[in-house]
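Here the protein sequences line up with chains A and B, keeping their order. Read left to right, the first sequence gives residues 0 to 119 (numbering that gives the first Met the number 0). Read left to right, the second sequence gives residues 0 to 119 (numbering that gives the first Met the number 0). Every residue, glycine too, gets a C-beta built ideally from N, C-alpha and C. Keep in mind the model is a prediction, meaning the values are calculated, not measured. This report concerns only the one structure given below.
Number of protein chains: 2
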Amino acid sequence: MAPFGDRRIDDSACQQIQCVLELIGQRWTGAILIVAARGARRFSEYRTMVDRVFDRLLAVRLRALEAVHLIERTVIPSTPVQIRYAPTSAGVELVTALQPLMDFAQRHVITPTAAPRSDG
Amino acid sequence: MAPFGDRRIDDSACQQIQCVLELIGQRWTGAILIVAARGARRFSEYRTMVDRVFDRLLAVRLRALEAVHLIERTVIPSTPVQIRYAPTSAGVELVTALQPLMDFAQRHVITPTAAPRSDG
DNA sequence: CTGAATCCAATAGGATACTG
DNA sequence: CAGTATCCTATTGGATTCAG
């Protein structure tokens, strides 16, 4: 991700937030976190709510969120085994911190196609 | 936010915020917007403040932000010509909305390497 | 100074098939 | 149900060079 090292954007917070942004800015990731905060728990629930995300990517995203302790994965020994993905307290905090941004997003719709990406 | 249950995430405000997240989650983009709100104006100022960003990418990012009207580009006829990139009111609003997220980022440091990306 | 053009390597991500 | 394996294409982003 961002190899922010010695001195970049003026000290402190910017590199931290860029890391967070680059994490949840990955496709579906923010959405996954939000549905987690809304109560999604099982793999299939996430798959249903975040429509169009494929299994592979959903698994990758959940693992990424687990790796940074925003989501906790729990195996429930039943038949068949259930897996539960619940947001950690940090995960809930993050979604809460996202609220002003959600309000902004509703006031100013950003069309995906309007933003040119890298090459082209 | 609407209680979980009835709708897919795509139908709600979540798709909107995901668009915003995917935009500013691109490398350097959030940082660029933040330094813009902090007062950066000229190309070289951005280049200096967001250290390590290359000209091409900085230009791409600025154009992307301009395309969605978060930054405004103005040509000042002088010798040599000066180009000024200033945040629009929406851009300032966005950075303001980012504040809680910045606070979060300082409380919970997300280590970049801890998050696996796509294939692996 | 302010970029645009180009080339290239790495990564992200869509889609399908398969498994315990 | 809850993933993994695999394949393949598109996108990203680093680095350099060129130009008004």
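Proximity to residue i [Cα-Cα], best of the options
i	options	result
Asp50 (chain B)	A:Thr110, A:Leu20, A:Cys13 and A:Phe103	A:Cys13
Arg83 (chain A)	A:Asp102, A:Val19 and A:Ile75	A:Ile75
Arg106 (chain A)	B:Val34, B:Gln81 and B:Gly90	B:Gly90
Tyr45 (chain B)	B:Ala85, B:Leu22 and B:Ile16	B:Ala85
Gly24 (chain B)	B:Arg72, B:Thr78, B:Ala63 and B:Ser88	B:Ala63
Leu61 (chain B)	B:Val34, B:Thr110, B:Ile109 and B:Gln98	B:Val34
Ala58 (chain A)	A:Ser88, A:Gln98 and A:Arg26	A:Arg26
Thr87 (chain B)	B:Val108, B:Ser77 and B:Glu65	B:Glu65
Test: residue i CB closer than 8 Å to a CB of chain B
i	result
Val91 (chain A)	no
Arg26 (chain A)	yes
Glu21 (chain A)	yes
Val74 (chain A)	no
Val108 (chain A)	yes
Pro79 (chain A)	no
Arg7 (chain A)	Annotation note: pLDDT 41 at Arg7 (chain A) (below 50); position unreliable, no value reported.
Ala58 (chain A)	no
Ile70 (chain A)	no
Ala30 (chain A)	yes
Asp10 (chain A)	Summary for Asp10 (chain A): the model assigns pLDDT 47, below 50, so the residue's position carries little reliability, and this model does not support an answer.
Supposed contact pair residue j and residue i - C-beta distance, whole angstroms, cut 8 Å
i	j	result
Leu32 (chain B)	Phe103 (chain A)	Actually they do not touch by this definition, with Cβ atoms about 12 Å apart.
Gly29 (chain A)	Gln17 (chain B)	5 Å
Leu100 (chain A)	Val19 (chain B)	6 Å
Gln81 (chain B)	Arg41 (chain B)	7 Å
Leu22 (chain B)	Val52 (chain B)	Not really, about 16 Å apart at Cβ, beyond 8 Å.
Val108 (chain B)	Gln98 (chain A)	The pair is not a contact, with the Cβ atoms about 21 Å apart (cut-off 8 Å).
DSSP three-state assignment for residue i, whether helix, strand or coil
i	result
Arg83 (chain B)	strand
Ser77 (chain B)	coil
Gly24 (chain B)	coil
Val108 (chain B)	coil
Leu97 (chain B)	coil
Ile16 (chain B)	helix
is_contact[residue i, chain A] using C-beta, thresh 8 Å
i	result
Leu97 (chain B)	yes
Val67 (chain B)	yes
Phe103 (chain B)	yes
Ala35 (chain B)	no
Leu100 (chain B)	yes
Ile16 (chain B)	yes
Completely contained alpha helix (DSSP H) runs for the stretch 39-74 of chain A, where each covers 4 or more residues: 42-48 and 54-66
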